[in-house]
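Quick note on the working numbering: the sequence shown kicks off at 2 and runs consecutively. Glycine included, every Cβ here is placed at the ideal spot set by N, Cα and C. Presented below is the structure to which this report refers.
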Amino acid sequence: MRSDDVKHGIEKAPHRGIWKCLGVTDDDFDKPFIAIANSFSEVVPGHIHLNRLVEYVKAGIRSAGGVPFEFNTIAICDGLAMGHIGMHYSLPSRELIADSIEVVVEANRFDGLVLLTNCDKITPGMLMAAARLDIP
């Protein structure tokens, strides 16, 4: 597994210590580590429900034998950004979303990735990250 890069071997003892601070158990180190990129935000109305939906995603990952790790991405609502300078940031946010997901997944060597998304700018950014990472 990709995550073995940060889990196994004597030289990875400091890594395991950090994972344990996050609640990872000894048994978890033999399971796939699955990232969940959640675009939940209290600023985007279409994403307000994702903080509840992610709990079902985590339960599904656990029931399939994985260990879930959630992190958030930025999210911009065009409806709130339009008509002022904020609209200049809508399209570039896709690259930031893709880059941030790629950085988190690669830095932690996650084995798989679940994308929780909505809206026409955030979804393409997440799909760009998925294409770059090429993991399940």
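- Item | Backbone CA spacing between G10 and V105 [nearest angstrom] | The straight-line gap from Cα to Cα measures roughly 22 Å.
- Message: Check whether the segment 113-132 and the segment 93-100 are in contact - that is, three or more C-beta pairs closer than 8 Å.
- Response: Yes, since at least three Cβ pairs between the segment 113-132 and the segment 93-100 fall closer than 8 Å, the two stretches touch.
- Which word fits K21, buried or exposed, when buried means at least 16 other C-beta atoms lie within 10 angstroms of its C-beta? Answer is exposed; the Cβ neighbour count stays below 16.
- Message: Taking a contact to mean a Cβ-Cβ separation below 8 Å, would you say M2 touches D112 in this structure?
- Response: Contact: yes.
- 8 Å CB neighbourhood of P33 in its chain, flanking five on each side removed: M2, S4, G66, G67, V68, D112, G113.
- If I'm right that I62 touches K122 with Cβ under 8 Å, what's the distance once you round it to whole angstroms? Taking 8 Å as the upper bound for CB-CB distance, I62 and K122 are not in contact here, some 26 Å apart.
- Is A60 near L116, with beta carbons less than 8 Å apart? No.
- Item | Proximity to S94 [Cα-Cα], best of T74, R53, P46 | Selection T74, R53, P46 evaluated against S94 yields T74 as nearest (Cα-Cα).
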